[in-house]
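Working notes, structure below.
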Amino acid sequence: MLEEQSYDESVDWWALGVRLYRLLTGKFPFDAEDEIDLTLDILGAPLYIPEFLSSDAEDCLTKFLERMPQLRLGYQKGCFPSPMREPFFSDVEWRKIFNEELNPPFVPLLQSVDPFADESSLSNFNIPGNSYFPPID
C-alpha cells in the first residue's frame, strides 16, 4: 500500500500485527514525526521488540510484521497457514471461541442497552464533555 502497488489479504495480517504490538506494548511498532519519516520507518527501520515480551510474543509479532507479504504470518506462498497454531496463541481455546462457549472476561455495566436512551449510556466512553450526541428535542 505504501509503495502504491497492488495488495491482497496480507495487509490484514500486517494490521493485526500492528494492533497486537499496540496491545502488548502500549506503543505503535513504528513512530515518526511526520508521514514521510513514518513511511520510511515502516519500509525499512528495524522492528524494536521490548525485552519484557516473551519469546513467543516476539516471534509472533516478527512474523505478522514481516515486510515481504509472501513471507508474512497468515499469508505464505498463496495459502493461509493458520496463525492459531503459533505458540503465542497456545492457551487460546479456539473451539470454544468459534462455538461461542466462552463468557467475556469483562462485561461493562450499562444504564441502558440503547445507546440513544440517555446521556448516561455513553458513560463507558471517553467522550469530552460526555456529549457526543446533540440533544434531541
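If you count the sequence shown from 1, position 31 lands on 31 in full-length UniProt numbering, and the numbers rise without skipping.
Where a beta carbon is used, it is the ideal one built from N, C-alpha and C, also for glycine.
Since the structure is predicted, the reported quantities are computational estimates derived from the model, not experimental observations.
Take L73, set aside five residues on each side of it, and the residues of its chain with a beta-carbon closer than 8 Å to its own are W13, G17, C60, K63, F64, E66, P81, P83 and E86, in chain order. In the displayed model, G74 falls within coil according to three-state DSSP, outside both helix and strand. Here G17 carries a helix assignment [DSSP, helix/strand/coil]. Under the rule that a run must span 4 or more residues, the alpha helix (DSSP H) segments found entirely inside the segment 46 to 71 read 55 to 64. Burial of F88 is indicated by the presence of at least 16 other C-beta atoms within 10 angstroms of its C-beta.
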